[in-house]
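Data first, discussion second: the structure below is written as structure tokens.
Numbering (our numbering), first residue to last: 2 to 1151.
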């Protein structure tokens, strides 16, 4: 079908490979026996073979290479080059050479091994004369498409792969003619399987069916020919479709992306230009998350359709690469041909690609005139959206029936004429650009050098004349700058006949204008999209023009237009000038008055409309000599911009104005007036001014402002921060009052040295055990805290402190009374210790606590006025039952790792739900029995962590509650809390402030051990039979109740993985893919649903010589492989325990 007599006026190639003799003019680095290297050399257009040979002679020396082959179509010559320094640089130095590169040998992607499947066991439906077809063909609606066409040998599909068994009973009829000189009856499993996916014979009463009944060609990888040669040969042999289930071999030196083989690219570009549709697997490299685009070549080329892989549930598979994917097709456990007339399942994008290639064969059989671009468009337009990201599934999962129906139902074979003319009728220098697209073919009949055609699209310009075309199908879109359109001699309005609308945004004054608008439906870039940034986000289109035009195609109507800038804008929709243009910008303040304190930062809000730049100014009225003005730019345009004014920096060279929260920048800042920054600004009102646009001049006059406001600076007032804090109780050191230096605190340094928590001059650091601390404390520094005393009394005062410089001393003062203490070096700046300061009497009501440093250097974490006492708990092993949820504290997954969360879980009698409570001074430690690690408060969570000497974060007090106890952490003062009481199972256990809630109350139940089963850790396992080595497998991935459990080869699939969880004195075993229990039923093991497990769904594990015997609680029988000889799907049932290895199972944790 494809024309194989095309003229090749494209770039020429020479393939070179290793040197037979020393190169003239080069220094050799080894002997010829070291081996050669392959290179691809691209010459300029029309370089014949003889001229290429002359170039090599001149550049490399008369005996520097030996020509071993020549590819006429692309003028590619293969030779050997060896022991040459910088051969690429040397070859490229010739002026007739465009580039040289080291040639690449393709690789078959990593995929699971083929698993032979007996046809009676194949998990698929039959189709007419074929016993079975792959589920993948049913998924893409192949049988429905076959009602229109099954394909035929009129369409030729080339498979470039490993060896194909051309004598296979399901493939032999597909290989007709000379097959390009290739013949292999000793095929490889990969190539044979791929060929069957594409075109195993349909309806022949044998085996399976492929996607189409196309004629097959086979080209074997790495058989001495290059990929460039194979592609060129396939084109010459008349291929209409080429399938490539392979990839290029490696990544760039920095590992960021695949190396692009330029020679491959030009070969595949040539194939597409010759009318051949090329389909390629996206590769199986999702395990490379550090690669921004793991799709390999040739799939990544624009001229190739890249195919990702899906499973039977329309989910993209775990292996399918992420990146430039065009479309997806089934590629998981695909049933197809294997050598020697057998069949089997393989998973990979290598299977998805030939299925898609076979569908292309169906389309071309339905309409032989389809171009590769039309084929790709039909596949993507009719694809099923499966809810996966474009970078995984492209346009969606392929739908063969919808694609064939679109082609078969397209009546666009009738040819029409189309004319684009200048309404002025004379050359006047105004060139009316246009772009158009049709659904069928498009041929020019009267155009000039300013116009171009690419398959079914064209763009050009008219100035006083007319351009003419013939086309088939329908008008897809037409956009122009005022040109008139006629079809078959009749003037038409493109908005009434075109399938899509077109908008052209044209800036004519060589000045920047940014624009944004909404459309009612789908949008795509047009023929004119360049020169500035432009983007499409759903139905929102935005961009920037400066002396050029952008165009877009869309459906629906244009709305919410805005355009900002200094240029001149003309907008055309279809071919009519629209009323859209540059919109005026505006800027105002969000409120009339903003207040703040002198020597502090103040925020005010600027509201922007149709502008992304504004000028703001603080001060400048007649009665205030100070002002600062600046330009806010690089904002998001319309919306609010938060501007920060630092009154303490005013008059200095520090940052005075900023917009950090809005992502904007403030530039062109000027300051004026008599203020020199040596004193604070006065506590008075300062006028605010703003206008849209760039800043010009030093200051902004009131008459030029768009908006006005007032900034009122006041002397700072002391007020509580996160308070008042209740006493008795604990107060964090970093929560000192607001009001600033000399009012709420005294700090002898500048700025927050630790840079954490608050914008303040007090130094605050990040505590390693969670929270913050006041640090780098010098003698004479102090902090005040507003507190609310809830009950009068005399209370002990404690504090958590640290020092690595000899210790420290401090004083705590309340209402004129004070206590002091000193402490020794703690051994580290974050080696925290609790010190007793003394006792202070407090009156009920609000008051202020001041802490003053008497010596340097030390850190303060918190201080506490201690009220109440810990309950007296007898040491022992307990379960912690939450009063609200009635669930137990449980170390998640029985993990022994530090940092594992404590969660809520039903009682299972396991050691990870039991905790040793031991007295430790005036508090207690709680140690997980299974791991020997302490329960620890960490960043608001309760985790297991560490052993040895406990820190305060690992010590708890028990306070009696209405029911049970409240467990308070010594370090944080927060209490143990069960999160999500409405959905408690598996919810974490955290720490939070005591709110007297039942979610914070725990009953201690002394632990007993009644579990007689072997101790098996909760987790996800594969069950491997000791006798057969096969794994337990829920048959055919079924989700249904009653599905049998069988033995099968290990596929690493979810239906071979089971969650084992304790349930009282036994365990449940749950299939991961269906979330159903394994149950004993009439001598069989099946999967079964239900909320609370019955005894038939509960099992015990008894240790055996190897692994375990798995016994059912209801029947007393044990899990057994019934026929150990049936290794491909033998049933797993239950039987009396006979001590047989068919009844013993090894658990392999996943």
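All residues carry an ideal CB built from backbone N, CA and C; glycine is no exception.
The structure presented is a predicted model; accordingly, all values stated were derived computationally and were not measured.
Closest residue to residue i among the options (Cα-Cα distance)
i: residue 1055; options: 932, 478, 1076; result: 1076
i: residue 982; options: 899, 884, 1026; result: 884
i: residue 1024; options: 863, 1034, 721, 155; result: 1034
i: residue 1196; options: 161, 206, 522, 137; result: Outside the shown range of the chain (2 to 1151) lies residue 1196, about which nothing can therefore be said.
i: residue 958; options: 937, 463, 156; result: 937
i: residue 760; options: 738, 780, 682, 435; result: 738
i: residue 233; options: 271, 571, 488; result: 271
i: residue 273; options: 248, 297, 196, 377; result: 377
i: residue 375; options: 611, 1150, 316, 440; result: 440
i: residue 1119; options: 1128, 828, 1141, 891; result: 1141
i: residue 392; options: 296, 461, 347, 551; result: 296
i: residue 1049; options: 1037, 847, 1071; result: 1037
i: residue 1104; options: 973, 146, 1147; result: 1147
Proximity below 7 Å, CB of residue i to CB of residue j
i: residue 976; j: residue 945; result: no
i: residue 835; j: residue 801; result: yes
i: residue 218; j: residue 238; result: yes
i: residue 1045; j: residue 1081; result: no
i: residue 790; j: residue 728; result: yes
i: residue 782; j: residue 747; result: yes
i: residue 607; j: residue 615; result: yes
i: residue 930; j: residue 905; result: no
i: residue 642; j: residue 665; result: yes
i: residue 458; j: residue 575; result: no
i: residue 559; j: residue 506; result: no
i: residue 482; j: residue 450; result: no
i: residue 960; j: residue 864; result: no
i: residue 1019; j: residue 894; result: yes
i: residue 550; j: residue 529; result: yes
i: residue 110; j: residue 248; result: yes
i: residue 1100; j: residue 1070; result: yes
i: residue 456; j: residue 372; result: yes
Inter-residue CB distance, residue i and residue j (contact presumed, cutoff 8 Å)
i: residue 209; j: residue 338; result: 7 Å
i: residue 1017; j: residue 1061; result: 6 Å
i: residue 629; j: residue 667; result: About 10 Å; that fails the 8 Å criterion.
i: residue 706; j: residue 586; result: Wrong, their Cβ atoms sit about 14 Å apart, outside the cutoff.
i: residue 485; j: residue 445; result: Incorrect: roughly 18 Å between the Cβ atoms, too far for contact.
i: residue 725; j: residue 744; result: The Cβ separation is near 17 Å, so there is no contact.
i: residue 691; j: residue 674; result: The Cβ separation is near 19 Å, so there is no contact.
i: residue 141; j: residue 306; result: About 15 Å; that fails the 8 Å criterion.
i: residue 919; j: residue 925; result: 6 Å
i: residue 914; j: residue 880; result: 6 Å
i: residue 899; j: residue 947; result: 7 Å
i: residue 658; j: residue 617; result: 7 Å
Segment contact flag, the region 317-335 with the region 267-277, C-beta cutoff 8 Å, min 3 pairs | no
Hey, which unbroken runs of the beta strand (DSSP E) at 3 residues or more fall wholly within the region 282-353?
-> 305-311, 328-331, 335-339, 343-347
contact_flag[the region 367-386, the region 400-408] where n(CB pairs < 8 Å) is 3 or more | yes
Pair every Cβ in the region 222-230 with every Cβ in the region 362-370, then say whether three or more of these pairs are closer than 8 Å.
-> no
Kindly confirm or deny that the region 264-275 and the region 309-328 touch, where touching means at least three C-beta pairs closer than 8 Å.
-> no
Inside the region 1078-1118 only - beta strand (DSSP E) runs reaching at least 3 residues = 1085-1089, 1100-1104, 1109-1113
Should the region 419-434 be called in touch with the region 464-474, which here means at least 3 C-beta pairs below 8 Å?
-> yes
Stretch pair the region 816-828 + the region 750-767: three plus CB contacts closer than 8 Å | no
Would you be able to state if there are at least three C-beta pairs under 8 Å between the region 507-515 and the region 567-581?
-> yes
In chain order, each alpha helix (DSSP H) run of at least 4 residues that lies wholly inside the region 819-868 | none
What are the start and end residues of each continuous beta strand (DSSP E) run of 3 or more residues lying completely inside the region 870-913, in chain order?
-> 877-883, 889-892, 901-906
Check whether the region 187-201 touches the region 158-174, taking contact to mean three or more Cβ pairs, one atom from each stretch, closer than 8 Å.
-> yes
Minimum length 3: unbroken beta strand (DSSP E) runs contained in the region 569-619 = 570-574, 587-590, 594-598, 602-610
Which ranges does the beta strand (DSSP E) cover as unbroken runs of at least 3 residues, wholly within the region 923-962, from first to last along the chain?
-> 924-929, 935-939, 942-946, 957-961
Kindly provide the ranges of any beta strand (DSSP E) runs that are 3 or more residues long and lie completely inside the region 987-1016, ordered along the chain.
-> 990-993, 1003-1007
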